[in-house]
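Written out below as structure tokens is the structure these notes cover.
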Amino acid sequence: MESASLYDRIGGEETLRILTDRFYDQVFEHELIARLFKSDKDEIKEKQRLFLTQFLGGPALYSEVHGHPRLRARHLPHAIGEEDAIAWLTCMDRAISTLDIADDLKKELFARFPQSAMFMVNS
Ligand code: HEM
9 MESASLYDRI
19 GGEETLRILT
29 DRFYDQVFEH
39 ELIARLFKSD
49 KDEIKEKQRL
59 FLTQFLGGPA
69 LYSEVHGHPR
79 LRARHLPHAI
89 GEEDAIAWLT
99 CMDRAISTLD
109 IADDLKKELF
119 ARFPQSAMFM
129 VNS
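Sequential numbering of the sequence shown, starting at 9, is according to my numbering.
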């Protein structure tokens, strides 16, 4: 039997709405990386929720609406250094820590991000 996706195990849509909400509240307040975010906060929260849904093994919602993610290419217009990636990960870690899920799930969830974040470094 196939095991449930991480998306399902963390609580699916409801958890991802809370996570993206708290994550971008952190990001938009962060002294180093807030400057990078120029779009509407609710819009980027929603894009990220759709993306994380598929990234964590749920339905491919982001691709249905926005096409292939091509995330590294989509980040190229933004100058992202290693310090920015670390700040992004810190915001994600803080947002994850507030979720009402088991500690081992929090660890498993956070572990999905460092490699992708470093992949976005482009300057
Ligand atoms: C390494 C640190 C990162 C920085 C500094 C960063 C920064 C940004 C910025 C500035 C935008 C555009 C926001 C806007 O429209 O105003 C963006 C979009 C986005 N980022 Fe990141 N990002 C990072 C890592 C990641 C990672 C690791 C993921 C996924 C796991 C991700 C997923 C997305 C998505 C899905 C979008 C929306 C793309 C679109 O459809 O336009 N980002 N990011």
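We treat Cβ as the ideally placed atom computed from N, Cα and C, and that holds for glycine.
Computed from a prediction, not measured in an experiment: that's the story for all the values here.
- Between the region 26 to 45 and the region 91 to 111 there are three or more C-beta pairs closer than 8 angstroms, enough to call the two in contact.
- At a threshold of 7 angstroms, S47 counts as near the ligand HEM, since its beta carbon sits closer than that to one of the ligand's heavy atoms.
- Note that the C-beta distance between L97 and P122 is below 8 angstroms.
- In the structure shown, D29 adopts helical secondary structure according to DSSP, grouped into three states.
- Judged by beta-carbon spacing, V35 lies beyond the 8 angstroms limit of G89, meaning their Cβ atoms are not closer than that value.
- Judged by their CB atoms, L107 and R17 are not nearer to each other than the 8 angstroms cut-off.
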